[in-house]
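**Q**
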Amino acid sequence: MLKFWFKEFPQYPADHIDYWRTRLIAHALLITTCYFLILTVINIVTFNDHHLALLDGVGLLVSLGIFVWFRGTGKVDSASWALTILVTALILLFVVTAGGYSHSLFWASLIPPFAFFLIGRTWGTVISVCAFVVCAVLVFLQVEAQQSVTFNTGSLLNVIEVCIAHILLFRFYERTRSSAYQQLAIRNAEIIKMAEIDKLTGLFNRDKLDTVLAECMQSLTDDSALSVMIIDIDHFKSINDQYGHLEGDRVLSALAVQLKQVIRDSDIIARWGGEEFVVVCANTPLGEAMELAQRLRKGIAKHATAKKSLTISIGVAENCVGDSAESLLDRADNALYRAKREGRNQVFTA
Numbered sequence: 001m002l003k004f005w006f007k008e009f010p011q012y013p014a015d016h017i018d019y020w021r022t023r024l025i026a027h028a029l030l031i032t033t034c035y036f037l038i039l040t041v042i043n044i045v046t047f048n049d050h051h052l053a054l055l056d057g058v059g060l061l062v063s064l065g066i067f068v069w070f071r072g073t074g075k076v077d078s079a080s081w082a083l084t085i086l087v088t089a090l091i092l093l094f095v096v097t098a099g100g101y102s103h104s105l106f107w108a109s110l111i112p113p114f115a116f117f118l119i120g121r122t123w124g125t126v127i128s129v130c131a132f133v134v135c136a137v138l139v140f141l142q143v144e145a146q147q148s149v150t151f152n153t154g155s156l157l158n159v160i161e162v163c164i165a166h167i168l169l170f171r172f173y174e175r176t177r178s179s180a181y182q183q184l185a186i187r188n189a190e191i192i193k194m195a196e197i198d199k200l201t202g203l204f205n206r207d208k209l210d211t212v213l214a215e216c217m218q219s220l221t222d223d224s225a226l227s228v229m230i231i232d233i234d235h236f237k238s239i240n241d242q243y244g245h246l247e248g249d250r251v252l253s254a255l256a257v258q259l260k261q262v263i264r265d266s267d268i269i270a271r272w273g274g275e276e277f278v279v280v281c282a283n284t285p286l287g288e289a290m291e292l293a294q295r296l297r298k299g300i301a302k303h304a305t306a307k308k309s310l311t312i313s314i315g316v317a318e319n320c321v322g323d324s325a326e327s328l329l330d331r332a333d334n335a336l337y338r339a340k341r342e343g344r345n346q347v348f349t350a
């Protein structure tokens, strides 16, 4: 039943600005429909008040009409205004008819939640102020008439019914707020991930590498070691020239996968730019970093990643006293160029 009532509109996906408004409209219409039906029965059976029963019956029919129309059109703004006007008009008509007695004024407290949630802050304020002006006039007339306050079954029912409506409204509002914040958190996490991930290879990008390397440098102690290696694809330009840039992209993506399979869980790999990659090896002295670099080089050489065999050259450097992140990378880069000059498919240290 509820799945039928809460229709999913394809034009309002979960990340659309009006998605939760559609849910709120459906929820509010469900509340008004049920309430007007119950109040119609109560006014006929308990109070034998056919005038109020007629008023509630009209509210029931109009609520159902707005629901059917909204399901068919999906017009959020129009449905929001129609529902707000319906609730405001019927509540004020009931309050005026009751003269504000039997705690009927309590119903007016439902107008601001409906108005603010459905049509926004500006018009919600206008409608709420108008409703409370009417209530203030009724109270003034009661004071002038020196009427005694009446407490009866109607008073009790008015208080209970309004309290339940408030609970239902604010419970739904809190659920939507919580869901919206969760979606926002997920979206922010996606944006952060997009900002630090290289789209082609799925590795960290240069900005993320700079941040991670700086953090590793700051956490160094006298007893710890930090090594970095810069990896460059040999003759990558010839791959692009001979097979095209799309094939070159596929080579980069495939190489990234192979590198991630060989490096350790504690290592951090990033695409430095073009066909160059950087691996940050925390708590790793130069000797261990060299062994890892050789495993990477040999493993890549065994696989054909393009229509030809692929080799890589690697420059490795270990942090020294006084090194900065920039100087450490610079020494690894110089070692890489030595490997390239000495015939490629080699590993050199700084």
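Note that UniProt numbering has the sequence shown beginning at 1, numbered continuously upward. We treat Cβ as the ideally placed atom computed from N, Cα and C, and that holds for glycine. Keep in mind that this is a model prediction, so the values were computed, not measured.
Tell me whether the region 128 to 147 and the region 16 to 29 touch, counting them as touching only if at least three CB pairs, one residue from each stretch, are closer than 8 Å.
**A** Touching, no, given that fewer than three Cβ pairs across the two stretches are closer than 8 Å.
**Q** In chain order, what residues of the same chain have a beta carbon less than 7 Å from the beta carbon of THR305, not counting five sequence neighbours either side?
**A** For THR305, the predicted model reports a pLDDT of 48, less than 50, meaning its position is unreliable; a value from the coordinates is still stated below. Only VAL251, ALA254, LEU255 meet the Cβ criterion.
**Q** Return the bridge partner residues of MET229 from the DSSP annotation.
**A** Looking at the DSSP assignment, MET229 forms a beta bridge with VAL279, VAL316.
**Q** Hey, quick one: how far does the alpha helix (DSSP H) through VAL159 stretch, first residue to last?
**A** Note, VAL159: alpha helix (DSSP H), 153 to 196.
**Q** In angstroms with no decimal places, state the Cα-to-Cα distance between LEU90 and GLN183.
**A** Spanning the two alpha carbons is a distance of roughly 36 Å.
**Q** Could you spell out the range, first to last residue, of the alpha helix (DSSP H) harbouring PHE140?
**A** Counting along the chain, the alpha helix (DSSP H) containing PHE140 begins and ends at 121 to 145.
**Q** So for ALA270, helix, strand or coil by DSSP?
**A** Reduced to three states, the DSSP call for ALA270 is strand.
**Q** Cβ atoms of ALA350 and GLY322: under 8 Å apart, would you say?
**A** In this structure, ALA350 does not lie closer than 8 Å to GLY322 by Cβ.
**Q** I believe ALA115 touches SER128 by the beta-carbon criterion, under 8 Å. Please report the beta-carbon distance rounded to the nearest angstrom.
**A** Confirmed, Cβ separation roughly 6 Å.
**Q** Straight-line CA distance for ARG249 to HIS303?
**A** What sits at residue 249 in the sequence shown is Asp, not Arg. Answer to the nearest angstrom: the Cα atoms are 17 Å apart.
**Q** Where does THR311 sit, in a helix, a strand or coil, going by DSSP?
**A** Correct three-state label for THR311: coil.
**Q** Could you give the distance in angstroms between the alpha-carbon of ILE186 and the alpha-carbon of ALA180?
**A** Cα-Cα distance, rounded: 10 Å.
**Q** Excluding five sequence neighbours on each side, which residues of the same chain lie with their C-beta closer than 6 Å to the C-beta of ASP267?
**A** Once the five neighbours on either side are set aside, the close Cβ partners of ASP267 are VAL279, CYS281.
**Q** Should PHE47 be labelled buried (16 or more other beta-carbon atoms within 10 Å of its own) or exposed?
**A** Its Cβ having fewer than 16 others within 10 Å, PHE47 is exposed.
**Q** Could you check where the beta strand (DSSP E) with PHE348 kicks off and where it finishes?
**A** Run containing PHE348: 347 to 349, per the beta strand (DSSP E) assignment.
**Q** With DSSP collapsed to three states, give me the class of residue 354.
**A** A question about residue 354 goes unanswered here, because the residues of the chain that appear run from 1 up to 350.
**Q** Taking three-plus beta-carbon pairs below 8 Å as touching, is the region 63 to 77 in contact with the region 201 to 220?
**A** No: the two stretches stay apart, fewer than three of their Cβ pairs being nearer than 8 Å.
**Q** Just to confirm the assignment, what range does the alpha helix (DSSP H) spanning SER224 have?
**A** Note, SER224: premise wrong, no alpha helix (DSSP H); not H, not E.
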